[in-house]
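Participant: Numbering (my numbering), first residue to last: 23 to 88. In this text, a Cβ means the ideal position worked out from N, Cα and C, and glycines have one as well.
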Amino acid sequence: GRWSMVDVFVDTFTAALVQLQPLMSVEPAPGLFFFAAVVVLTMLAVESFDPRLIWDSASAREVGNA
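The following block contains the structure:
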């Protein structure tokens with residue numbers, strides 16, 4: 023999504039793993055599946071969410087309270 027930080031987190035985490043490679047070993051195993059699930063769910067959430075509905079609702083409440 024527009025403000026999604028998942029890619030930034032993965033880039034930072036990958037850079038840290040590359041730097042610490044002599045100290046540990048890393049296998050993507052189930053993490054790869056869960057990361058893919060997060061990416062797909064984020065894409066679906068962005069497609070189904072319309073922020074204008076929140077602002078329209080807030081504007082209607084303000085007009086009603088004034």
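Under three-state DSSP, which class holds Leu72?
Facilitator: The sequence given here places Asp at residue 72; Leu does not occur at that position. Three-state DSSP puts Asp72 in coil, outside helix and strand.
Participant: If you run the structure through DSSP and keep just helix, strand and coil, what is Glu49?
Facilitator: Glu49 falls in the coil class under three-state DSSP.
Participant: Is the separation between the beta-carbon of Val28 and that of Val60 shorter than 8 Å?
Facilitator: Yes; because the gap between Cβ atoms is below 8 Å, this pair is in contact.
Participant: If you drop the 5 nearest sequence neighbours on each side, which residues of the same chain put their C-beta closer than 7 Å to that of Ser26?
Facilitator: Closer than 7 Å at the Cβ level, and outside the excluded window around Ser26, lie Thr64.
Participant: Can you list, in chain order, the residues of its chain with a C-beta nearer than 8 Å to that of Val32? Leave out the 5 residues immediately preceding and following it.
Facilitator: Phe57, listed in sequence order.
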